[in-house]
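Residue numbers (full-length UniProt numbering): 1 to 451. We put the CB at the ideal spot given by N, CA and C, even for glycine. The structure under discussion appears below in the form of structure tokens.
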Amino acid sequence: MMQPITAALLLVPLINGEDALISQRLKILPQTCASSNDATAVIQNLVQTGRTSKARLIANECLLLLNNNIYAAEFSSLLKCCPSSSDIIIETYKTSMEKLYENKDYLQTIIGNHNKEGGNTTLQSFRDTNCVDSDALTAEIEVQPFTPKNGDMLYTRGSKIIEQWNACCSFWSNSSASTCINDDFCCEIVEGSDHHLILPALREPNIHICLENSTEVIEIEQDGLLNLYDVSGVLWPAGYLLGLCLSNPVKCGVEEIFKAMSYVMQPQVLELGTGAGFAAIALSKTMRHHSNSPSVIATDVSKSALDLTVTNAYRNGVKEMIDAIEADYRDVASLLELKKTIILSRDNTSKQDQQGFDIIIGSSLQSLFDGTQDENAQLWLALDTLLSKSNPSAIVILSHVRSGSERIQVPNGTSPFELVRRIPGDRFYMKTRDGNNSDFELIVLRRRQVQ
1 MMQPITAALL LVPLINGEDA LISQRLKILP QTCASSNDAT AVIQNLVQTG RTSKARLIAN
61 ECLLLLNNNI YAAEFSSLLK CCPSSSDIII ETYKTSMEKL YENKDYLQTI IGNHNKEGGN
121 TTLQSFRDTN CVDSDALTAE IEVQPFTPKN GDMLYTRGSK IIEQWNACCS FWSNSSASTC
181 INDDFCCEIV EGSDHHLILP ALREPNIHIC LENSTEVIEI EQDGLLNLYD VSGVLWPAGY
241 LLGLCLSNPV KCGVEEIFKA MSYVMQPQVL ELGTGAGFAA IALSKTMRHH SNSPSVIATD
301 VSKSALDLTV TNAYRNGVKE MIDAIEADYR DVASLLELKK TIILSRDNTS KQDQQGFDII
361 IGSSLQSLFD GTQDENAQLW LALDTLLSKS NPSAIVILSH VRSGSERIQV PNGTSPFELV
421 RRIPGDRFYM KTRDGNNSDF ELIVLRRRQV Q
């Protein structure tokens, strides 16, 4: 037991400068390589037994060394343990995951592992502990012009945010600490700052979201670097906006959430397209203080997204409130099957249970948000299938772009739904890269009220 720990500690005093910063990100690879000379075999075994979070960590740490071209002698044993190229580590990880997901009980395997480990996951990345004064941080960023190498002075503050983040915070893909513009740059996504401009943070194995006026930080494990083409494995701006809103319904202007919860003994929430689970986690934390035995059903068609959602629910202490279930929001038959599954699992066949969910949430639901001006559009069919008819306060909160084909338009006439209000992302300071009004908005819907 002592040998792996000693191997890990020996790295720190022997490395200087940028390599020392990289060594801070190596949480488990030194122990792994001290006990095995083949990281790929370890990853395969971990995935097979449902320890997917730990497998992600080892794979990402190998990528950290390989992508940053580390040649320091102190890392030689770790590089020898990792495969010779990034492609091999990514392929090993992906094929191992695909094999795990072929098992219909894969989520139970992952959950069982989390329960065995007491709810603690392994993945921990660098976290800034000074992200407290978001107003000062925003002002500091806005007043400093960004000057690119070609001499142009007209780049936006958004470019400066991304440049600073990539230089100071991202160590998993060809970054350099020596180019960090501001040593005090905050490596958390802070509500009220412009840090949302780096989303989706594809290269970050996990991100920390610091909620405004709160010491609470929501930690989201991601899968972007290992699954570059799986958009459900990372947090996107619309999902970020939805999560911020649900973490503070009063500030957001959706106090109807509390009315919907208070109408029933055990409120049921459905999230369509949960991704990495940020919105489900944010709402779970809110509901825990305002309702008895609330439940959030987080759905996605992506198995890896459900894996991440379960892991992140454990990371953030809401595992007992979130159930991850595979469902395709684009398919009404799949949604009907979902509804049936939930009813059967409750051991309660009351009329209220059969009527549907009290709150429905979702963000950037591709294709479901198309053609919504038509009352027979897929969105309205899905909501009519799922939203409770017995709870007069049942509501829908969706996050989407403010313009273009994906902007939700509520049809006039005989549609069973009506618009309660639109809430711009500006309420959470989500400006665009050039400082204009937010690209995103929230829309609150309910069943049409009988006059």
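query                                                                                                                                                                    : result
Comparing alpha-carbon positions, which option in Lys116, Ile397, Gly158 lies nearest Leu241?                                                                            : Ile397
Give me the Cβ distance between Ser86 and Leu63, rounded to the nearest whole Å; I'm assuming they're in contact under 8 angstroms.                                      : 6 angstroms
From which residue to which residue does the alpha helix (DSSP H) around Phe258 run?                                                                                     : 256-262
Taking the continuous beta strand (DSSP E) assigned at Gln31, which residues delimit it?                                                                                 : Segment 29-35 is the alpha helix (DSSP H) holding Gln31; no beta strand (DSSP E) there.
Between Glu256 and Val444, is the Cβ-Cβ spacing less than 8 angstroms?                                                                                                   : yes
State the DSSP-derived secondary structure class of Gln222, mapped to helix, strand or coil.                                                                             : coil
Can you give me the C-alpha to C-alpha distance between residue 491 and Gly233, rounded to a whole angstrom?                                                             : Outside the modelled stretch of the chain, which goes from 1 to 451, sits residue 491, for which no answer is possible.
Below 8 angstroms on the Cβ atoms is my guess for Phe278 versus Gly239; work out the distance and round it to an integer in Å.                                           : 6 angstroms
If you reduce the DSSP assignment to three classes, tell me which class Glu418 lands in.                                                                                 : strand
Measure the alpha-carbon distance for Ser291 versus Cys187 and round it to whole angstroms.                                                                              : 34 angstroms
In or out: Val310 buried (at least 16 other Cβ within 10 Å) or exposed?                                                                                                  : buried
Check whether the Cβ atoms of Ile161 and His195 lie closer than 8 angstroms to each other.                                                                               : yes
Pick helix, strand or coil for Val396, following the three-state DSSP scheme.                                                                                            : strand
If you draw a straight line from the alpha carbon of Asp323 to that of Ala298, how long is it in whole angstroms?                                                        : 6 angstroms
Within its chain, find whatever has a CB closer than 6 angstroms to the CB of Ala305; leave out the 5 residues flanking it on each side and keep chain order.            : Ser232, Gly275
At 4 residues or longer, what runs of the alpha helix (DSSP H) sit wholly inside the segment 34-117?                                                                     : 39-48, 52-67, 76-81, 86-101, 106-116
So the candidates are Ala313, Asp439, Asn312, Thr385; which of them puts its Cα closest to the Cα of Glu337?                                                             : Thr385
Does DSSP put Leu154 in a helix, a strand or coil?                                                                                                                       : For Leu154, the predicted structure reports a pLDDT of 45, less than 50, and the residue's modelled location is therefore unreliable. A value from the coordinates is still provided. DSSP places Leu154 in coil when its eight states are reduced to three.
Of the choices Glu271, Asp439, Val190, whose alpha-carbon is the least far from that of Ile395?                                                                          : Glu271
Do you know how far the Cα of Val269 is from the Cα of Phe357?                                                                                                           : 6 angstroms
Around the Cβ of Glu216, are there at least 16 other Cβ atoms within 10 angstroms (buried) or fewer (exposed)?                                                           : exposed
Could you check where the alpha helix (DSSP H) with Gln268 kicks off and where it finishes?                                                                              : Looking at the DSSP string, Gln268 is not in any alpha helix (DSSP H); the run it does join, the beta strand (DSSP E), is 268-272.
With Gln61 and Leu26 assumed to form a contact (beta carbons below 8 angstroms), what rounded beta-carbon distance in angstroms separates them?                          : According to the sequence displayed, residue 61 carries Glu and not Gln. That pair is a contact at about 5 angstroms.
Using the Cβ count rule (16 or more neighbours within 10 Å means buried), how would you classify Lys303?                                                                 : buried
Out of curiosity, what's the CA-to-CA distance linking Gly435 and Leu308?                                                                                                : 32 angstroms
So, helix, strand or coil for Phe278, using DSSP?                                                                                                                        : helix
How big is the Cα-Cα spacing for Trp165 and Ile207?                                                                                                                      : 12 angstroms
Under a Cβ-count criterion, where at least 16 other Cβ atoms within 10 Å of its own Cβ denotes burial, should Glu98 be classed as buried or exposed?                     : exposed
Let me know if Gly413 comes out buried or exposed under the rule of 16 or more other beta-carbons within 10 Å of its beta-carbon.                                        : exposed
Would His289 be called buried (16 or more neighbouring beta carbons within 10 Å of its own) or exposed?                                                                  : exposed
Terminal residues of the continuous alpha helix (DSSP H) containing Asn312?                                                                                              : 303-315
Looking only at its chain, what residues have a beta carbon closer than 6 angstroms to the beta carbon of Ile198, apart from the 5 residues adjacent to it on each side? : Ile162, Trp165
Specify, as a first and last residue, the run of the beta strand (DSSP E) that Ala324 falls within.                                                                      : 322-326
Three-state secondary structure (DSSP) at Arg448?                                                                                                                        : coil
CA-CA distance, Val190 and Leu79?                                                                                                                                        : 35 angstroms
Residues in the same chain with beta-carbon distance under 6 angstroms from Gly224, minus the five sequence neighbours each way, listed in chain order, please.          : Leu202, Gly233, Val234
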